[in-house]
Amino acid sequence: MVSLCRFLMPVSPGYARLLQNEPLNPLRISVGGLPMLSSMTNTTDSRFRIKWKAIVAVASAVILVLVIYLQLLPFHPQPGGKHSSMVKPLDDGEEDHYNDTYPLSPPQRTPQGTRYRIGVIADLDTSSQGVQKLTWISYMLKGHLLVSQSGDSVAVEWDQEQLVLESHLAEKGRGMELSELVVFNGKLYSVDDRTGVVYNIEGLKAVPWVILPDGDGTVSKGQCLSGN
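Structural data, given as structure tokens:
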């Protein structure tokens, strides 16, 4: 009955073209020529699509920045096998750098030439035992070395005071056989070639610093700080 009515009723040319060109949708409702509900198979509006490329790019950039930041932090191992990275504040009073001052006393420029501060120390060998019990001594003398402007002559002037350095460290009744003076890290050191003790010379005192064993590493015998 529906097919018969369709053939009997007149159809406008515009409606005929619409039926021929448009695909058949499951449901289509229009009011005043404006579509209200289209087929569910229509594509989603591009304005509501998730921008996956932009999200991936931003996430990758954030991860890269975090990795670089963690690499720049100093590494600090913690007790128990734990590790952490933290920024250590700078301390102006902390001595982290090597003091390469040499000589310790700046040279003096005089009309006669350049004047240098010098010192010598005595290795008394078996005569180093002092008057007091369990005390060993060494003598140190300071002075000045004058080098002429032409460099063809030198002169030495010694101080009147002779320093006596004492120690209670010995090996088989011998000690304080100081054989060399060396400037290191802004300080003056001497080594006892009997015990291997390295002393820091501070004014009138010889302060034990470290022990340098020589030979195969099992004996205490320090001979020369600069090496033979």
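Following our numbering, the numbering of the sequence shown begins with 44 at its first residue and continues without gaps. Beta carbons are placed, not taken as given, at the ideal position from N, Cα and C, and that holds for glycine.
In this structure, does DSSP put residue i in helix, strand or coil?
i	result
valine 174	coil
lysine 185	strand
serine 210	strand
aspartate 202	strand
threonine 144	coil
valine 115	A quick correction: the sequence has leucine, not valine, at residue 115. Three-state DSSP puts leucine 115 in a helix.
lysine 215	coil
leucine 224	strand
serine 191	strand
leucine 231	strand
Leaving out the 5 sequence neighbours to the left and right, which residues in its chain are closer than 6 Å to residue i when beta-carbon positions are compared?
i	result
leucine 231	Ile244
serine 222	Asp166, Asp236
arginine 217	Arg237
glutamine 151	Arg158
aspartate 143	none
valine 250	Asn243
lysine 96	none
alanine 102	none
serine 170	none
With a CB to CB cut of under 8 Å and the five nearest residues on each side skipped, what residues in its chain are close to residue i?
i	result
tyrosine 141	Asn228
tyrosine 145	Val226
lysine 176	none
For residue i, which of the options has the nearest alpha-carbon?
i	options	result
leucine 224	Ile164, Ile254, Ala198	Ile164
leucine 186	Gln203, Lys94, Val101	Sequence check: residue 186 is glycine here, not leucine. Glycine 186 has its Cα closest to that of Gln203, out of Gln203, Lys94, Val101.
glutamate 214	Trp201, Val226, Gln172	Gln172
serine 246	Gly162, Leu115, Val174	The residue you asked about is not serine; residue 246 is glycine in the sequence shown. Measuring from the Cα of glycine 246, the nearest candidate turns out to be Gly162.
lysine 248	Asp236, Thr238, Gly239, Met219	Met219
aspartate 236	Asp166, His211, Leu177, Lys176	Asp166
alanine 198	Arg160, Gly216, His211	Arg160
Excluding the five sequence neighbours on either side, which residues of its own chain have a C-beta within less than 7 Å of the C-beta of residue i, listed in chain order?
i	result
valine 253	Val241
tryptophan 201	Leu184, Gly186
histidine 211	Leu177, Thr178
aspartate 168	Glu220
valine 105	none
serine 148	Arg160
Flag residue i as yes when its Cβ comes closer than 6 Å to any non-hydrogen atom of the ligand COA, and as no otherwise.
i	result
glycine 218	As for the ligand COA, it is missing from this structure, which has no ligand bound.
Okay, do the stretch 189 to 199 and the stretch 150 to 169 touch, 3+ Cβ pairs below 8 Å being the bar? yes
Should the stretch 176 to 187 be called in touch with the stretch 205 to 213, which here means at least 3 C-beta pairs below 8 Å? yes
Fully enclosed by the stretch 234 to 260, which beta strand (DSSP E) runs are 3 residues long or longer? 240 to 245, 248 to 254
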